[in-house]
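Q:
There are 2 protein chains.
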Amino acid sequence: MDIKAVKACFIDLQGSICAALEALDGAGRFSAERFDYPGGGCGQPRVLQDGQKVEKAAVQYTHSVGEALPAAASERNPHLAGAGFQAAAISVIVHPRNPYAPTAHMNLRFFLVDGALPAWHFGGGFDLTPCYGFAEDCVAWHRAAKQAAGRHYAQMKRACDKYFHLRHRGEPRGIGGLFFDDWTEGGFTASLRLTRSIGQAFMPAYAQIFQKRSALPYGTRERDWQLLRRGRYAEFNLAIDRGTRYGLQSGRRIESVLASLPPLAQWRYNHAPSPGTPEAELLSFYLRPRDWLGEAPADDQAAPSG
Amino acid sequence: MDIKAVKACFIDLQGSICAALEALDGAGRFSAERFDYPGGGCGQPRVLQDGQKVEKAAVQYTHSVGEALPAAASERNPHLAGAGFQAAAISVIVHPRNPYAPTAHMNLRFFLVDGALPAWHFGGGFDLTPCYGFAEDCVAWHRAAKQAAGRHYAQMKRACDKYFHLRHRGEPRGIGGLFFDDWTEGGFTASLRLTRSIGQAFMPAYAQIFQKRSALPYGTRERDWQLLRRGRYAEFNLAIDRGTRYGLQSGRRIESVLASLPPLAQWRYNHAPSPGTPEAELLSFYLRPRDWLGEAPADDQAAPSG
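This is the structure in structure tokens:
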């Protein structure tokens, strides 16, 4: 168990993801900041704003050393709350300019908790939030997810559908992907390998979709719909997301915690897209937990999670 | 104790506030909907969108009959959670188009809880959230608050400063006003009289400020700043506000619960206004809990709340 290996993995990923996004954008550049925390650890947020194709992207690495683990840090191990801990994490959010290009999110995290026995776990995943549905993108995204997660795909896909859900709307955030938490399966080396594999799969899968959809022409109608969908994204992040709650609870630097928020978002009372439009189809077809790879058994939803 | 009198008071207020806002706007009209709830009670949201001067306003009346009081409904009486209850409420939010005209919020509520003894309380208040500070507006607003709340002003003003605070930013939401909760002082008749007095003071005080500031010319710089400040408003409502949390917990109609969200809002990473600008002055001078009427004793902040 070596937190150095985890940190190196996350820092590598940060560098390669920023380079890939700059290449995709063709003009914008990521900022590079570093904040050393008094009690140990550091934050390295990198943000690209007002790019050519990327309206906002935040790719953040943090290493925290804390005296008391916040309750939001471990869902399945509430007894660890309050213990001394170290955490390393990378989080990625991309808000493209083109409404046909989906918003993407990736997060990987590692917790090491002090105690009678050192306890550790990995968590993270990635998910995709389109404003307009394209079946081939959903299939490609989930194929990449399956390739990265291997035999854990079905479990992690279900967990993703469950987590990225706006309960108050009865609406999924997007078309899902992978989500895992409190992960120790196969021991440290295997868990790190799996986490890295998921981290490395994210950008190639997203880049292909981003590039294809960023080339489509769009107008004020599509932009308007995108801003409404970004309103949903802000709702999820501010009212539901455990990562954001953890950030607010732990008193972390607020600009980093909220860097995931959309650059521009709107809310319109009683808005519903007209039936038969691509906007309505997003809601009625794409935003339903769905077996994109056509391989689930008939009783998939009822299958045990393991 | 007569919930009918409370309901009549809130419905009257809804009508007069909508009429006043339509007159101020000069073009927009409020929608009128009514939802009857299966278990009793009803919701009457009224929303004006895309007006001439009012970008969005929501003036909502609700009467709820519930089997189990949500925890968020009573801060000081957690033992009431789970009891059968009735609630009547009016909430008002106005997002003006002109960045010089402040956002305003008013809420009045009455809870009647079943039990060995019927328990009831009032709550509510109003507060003002400018994007640009005008000392005379702050003074006028707090004068109206004082006239409405009488000898309770100092207590309610402190409670308002305390409640409308973005902890994660270390920043007040606005310049405050009145806030009260679990209110039974002097019995039902006196409490209803006070609540009505606060409700009736809101619109005349706001109308004067709204009208004056909506006449000022503005450009893209002011609009940009307004949208950033509205981002803060969305943060407060989604991540902090107890009323919104109550709405999300109680499974109320989501479009009503979130009707307070700004029509358009933005977030920009690491944004800070240049020193010496009116935008910087909002943060450094106006968004500080302040004795706008110049009457507080030196130890006001330490004075007992009652």
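Protein chains in written order, with the numbering used here: chain A, 1 to 306; chain B, 1001 to 1306.
Ideal Cβ placement from N, Cα and C applies to all residues, glycine included.
Quantities reported herein were computed from a predicted structural model and do not represent experimental measurements.
#1: Please compile the residues from chain A whose C-beta is within a distance smaller than 9 Å of the C-beta of A1058(B).
#2: G1199(B): which of A1239(B), P1045(B), F1180(B) sits nearest, CA to CA?
#3: Taking 7 Å as the cut-off, is the beta-carbon of I1090(B) closer than that to any non-hydrogen atom of the ligand FAD?
#4: Assuming L48(A) contacts F30(A) (C-beta within less than 8 Å), just tell me the rounded distance between them.
#5: Could you check what DSSP says for R97(A) in three-state terms: helix, strand or coil?
#6: I'd like to know whether the C-beta atoms of P273(A) and A280(A) end up nearer to each other than 8 Å.
#7: Starting from the Cα of A27(A), find the closest Cα among D12(A), G82(A), K53(A) and give me that residue.
#8: Of all the residues that make up the segment 1209-1243 of chain B, which are near chain A by a beta-carbon distance shorter than 8 Å?
#9: Pull up the CB-CB distance for P1045(B) and R268(A), whole angstroms please, since I reckon it's below 8 Å.
#10: Could you list which residues in chain B have their beta carbon closer than 7 Å to that of I90(A), in chain order?
#11: If we count the other Cβ atoms within 10 Å of its Cβ and call it buried at 16 or more, is P1096(B) buried or exposed?
#12: Going along the chain, which residues of its own chain have a beta-carbon closer than 6 Å to the beta-carbon of V1065(B), five neighbours each way excluded?
#13: So the candidates are S1260(B), S1191(B), R1213(B); which of them puts its Cα closest to the Cα of H1121(B)?
#14: Taking 8 Å as the threshold (beta carbon to beta carbon), is A1259(B) in contact with chain A?
#15: Counting only C-beta atoms, is E1255(B) closer than 8 Å to chain A at any point?
#16: Can you tell me which residues form a DSSP beta bridge with V1257(B)?
#17: When the Cα atoms are used, what is the spatial distance from G1150(B) to R1196(B)?
#18: Using a Cβ-Cβ cut-off of 6 Å (strictly less than) and excluding sequence neighbours within five positions of F110(A), which residues of its own chain qualify?
#19: Hey, quick one: how far does the beta strand (DSSP E) through R1288(B) stretch, first residue to last?
#20: Among the candidates I1003(B), A1239(B), V1257(B), Y1037(B), whose CA atom is the shortest distance from the CA of E1067(B)?
#21: When you compare only the Cα positions, how much space is there between M1(A) and K157(A)?
#22: Against chain A, with Cβ distances strictly below 8 Å, would G1306(B) count as a contact?
#23: With DSSP as the reference, please indicate the residues paired to Q1044(B) in a beta bridge.
#24: Give the single residue among P1172(B), L1069(B), Q1211(B), Q1060(B) whose Cα lies nearest to the Cα of I1254(B).
#25: Check the Cβ-Cβ distances between Q1049(B) and every residue of chain A, and say whether any is below 8 Å.
#26: Alpha carbon to alpha carbon, what distance is there between A1023(B) and S1016(B)?
#27: State the start and end residues of the unbroken beta strand (DSSP E) segment that holds H1121(B).
#28: Would you say A201(A) reaches chain B, if we count a Cβ-Cβ gap shorter than 8 Å as a contact?
#29: Provide the residue(s) that pair with I17(A) in DSSP beta bridges, ordered along the chain.
#30: Does any residue of chain A have a CB that is nearer than 8 Å to the CB of L1248(B)?
#31: In chain order, what are the residue ranges of uninterrupted alpha helix (DSSP H) at least 4 long that sit wholly in the segment 128-178 of chain A?
#32: Between which two residues does the alpha helix (DSSP H) harbouring M1203(B) extend?
#33: From the DSSP output, in three-state form, read off L80(A) for me.
#34: Which residues bound the beta strand (DSSP E) around R1109(B)?
#35: Count the other CB atoms, across all protein chains shown, that sit within 10 Å of the CB of S1284(B); report buried if there are 16 or more and exposed otherwise.
#36: If you reduce the DSSP assignment to three classes, tell me which class A1302(B) lands in.
A: Let's see:
#1: To locate residue 1058(B), count along the second sequence from 1; it is residue 58. By Cβ distance, chain A contributes Y269.
#2: Here residue 1199(B) is taken as the residue at index 199 of the second sequence, counted from 1. Looking at the Cα atoms, F1180(B) is the closest of the given residues.
#3: No copy of the ligand FAD appears in this structure; indeed no ligand is present at all.
#4: Mapped onto the first sequence, residue 48(A) falls at position 48. Mapped onto the first sequence, residue 30(A) falls at position 30. That pair is a contact at about 5 Å.
#5: Against the first sequence, residue 97(A) aligns to sequence position 97. Judged by DSSP in its simplified three-state form, R97(A) adopts coil rather than helix or strand.
#6: The sequence position of residue 273(A) within the first sequence is 273, counting from 1. The sequence position of residue 280(A) within the first sequence is 280, counting from 1. Yes.
#7: By 1-based counting over the first sequence, the position of residue 27(A) is 27. Distances from the CA of A27(A) to each of D12(A), G82(A), K53(A) were compared; the closest alpha carbon is that of K53(A).
#8: If the cut-off is 8 Å between Cβ atoms, the segment 1209-1243 of chain B has L1227, G1231, A1234, E1235, L1238, A1239 near chain A.
#9: The residue you call residue 1045(B) lines up with position 45 of the second sequence. The residue you call residue 268(A) lines up with position 268 of the first sequence. That belief does not hold up - the Cβ atoms of P1045(B) and R268(A) are roughly 14 Å apart, past 8 Å.
#10: As a position in the first sequence, residue 90(A) is number 90, starting the count at 1. Under the 7 Å cutoff, chain B gives no residues; its nearest Cβ is about 17 Å from I90(A).
#11: What you label residue 1096(B) is simply residue 96 of the second sequence in a count that begins at 1. A residue is called buried when at least 16 other Cβ atoms come within 10 angstroms of its Cβ; P1096(B) meets this threshold and is buried.
#12: By one-based count along the second sequence, residue 1065(B) stands at place 65. Answer for V1065(B): G1039, G1040, G1041, Q1086, listed in chain order.
#13: Stepping through the second sequence from its first residue, residue 1121(B) is reached at position 121. H1121(B) has its Cα closest to that of S1191(B), out of S1260(B), S1191(B), R1213(B).
#14: Working through the second sequence from its first residue, we reach residue 1259(B) at position 259. Yes, A1259(B) lies at the interface with chain A (some Cβ there is under 8 Å from its Cβ).
#15: Indexing the second sequence from 1 puts residue 1255(B) at position 255. Among the residues facing chain A, E1255(B) is included, as its CB has a counterpart in that chain under 8 Å away.
#16: Indexing the second sequence from 1 puts residue 1257(B) at position 257. Under DSSP, V1257(B) shares a beta bridge with no residue.
#17: Your numbering for residue 1150(B) matches position 150 in the second sequence. Your numbering for residue 1196(B) matches position 196 in the second sequence. A direct Cα-to-Cα measurement between G1150(B) and R1196(B) gives close to 13 Å.
#18: One-based indexing of the first sequence puts residue 110(A) at position 110. Answer for F110(A): V6, A88, F122, listed in chain order.
#19: The sequence position of residue 1288(B) within the second sequence is 288, counting from 1. In this chain, R1288(B) is not harboured by any beta strand (DSSP E), its DSSP state being neither H nor E.
#20: Residue mapping note: residue 1067(B) aligns to position 67 of the second sequence, counting from 1. Relative to E1067(B), the option among I1003(B), A1239(B), V1257(B), Y1037(B) whose CA is nearest is Y1037(B).
#21: The residue labelled residue 1(A) in the question sits at position 1 within the first sequence. The residue labelled residue 157(A) in the question sits at position 157 within the first sequence. Roughly 27 Å separates the two Cα atoms.
#22: For the purposes of this step, residue 1306(B) is taken as the residue at position 306 of the second sequence. Low confidence applies here, because G1306(B) scores a pLDDT of 33, under 50, leaving its location unreliable; read the following figure in that light. The beta carbon of G1306(B) sits no closer than 8 Å to any beta carbon of chain A.
#23: On the second sequence, residue 1044(B) is found 44 positions in, with the first residue counted as 1. According to DSSP, Q1044(B) bridges with Y1061(B).
#24: Here residue 1254(B) refers to the residue found at position 254 when the second sequence is read from its first residue. With distances taken between Cα atoms, I1254(B) lies closest to Q1060(B).
#25: Locating residue 1049(B) in the second sequence gives position 49, where the first residue counts as 1. Answer yes: the Cβ-Cβ gap between Q1049(B) and chain A drops below 8 Å somewhere.
#26: Position 16 of the second sequence, counted from the first residue, corresponds to residue 1016(B). Position 23 of the second sequence, counted from the first residue, corresponds to residue 1023(B). The straight-line gap from Cα to Cα measures roughly 11 Å.
#27: Residue numbering aside, residue 1121(B) sits at position 121 when the second sequence is read from its first letter. Unbroken beta strand (DSSP E) run through H1121(B): 1119-1129.
#28: Indexing the first sequence from 1 puts residue 201(A) at position 201. It does not: the Cβ of A201(A) has no partner Cβ on chain B nearer than 8 Å.
#29: Residue mapping note: residue 17(A) aligns to position 17 of the first sequence, counting from 1. Bridge partners of I17(A): none, in fact.
#30: Reading the second sequence from its first residue, position 248 is the one you call residue 1248(B). Yes, its Cβ sits closer than 8 Å to a Cβ of chain A.
#31: With a minimum length of 4 residues, the continuous alpha helix (DSSP H) runs that stay inside the segment 128-178 of chain A are 135-149, 153-163.
#32: Position 203 of the second sequence holds residue 1203(B). Where M1203(B) is concerned, the enclosing alpha helix (DSSP H) stretches over 1188-1214.
#33: Here residue 80(A) refers to the residue found at position 80 of the first sequence. Residue state for L80(A) is assigned as helix, using DSSP reduced to three classes.
#34: One-based indexing of the second sequence puts residue 1109(B) at position 109. Note, R1109(B): beta strand (DSSP E), 1103-1113.
#35: For the purposes of this step, residue 1284(B) is taken as residue 284 along the second sequence, with counting starting at 1. Exposed, since its Cβ has fewer than 16 Cβ neighbours within 10 Å.
#36: The residue you call residue 1302(B) lines up with position 302 of the second sequence. Bear in mind that the predicted position of A1302(B) carries a pLDDT of just 38, short of 50, making it too unreliable to give a figure here.
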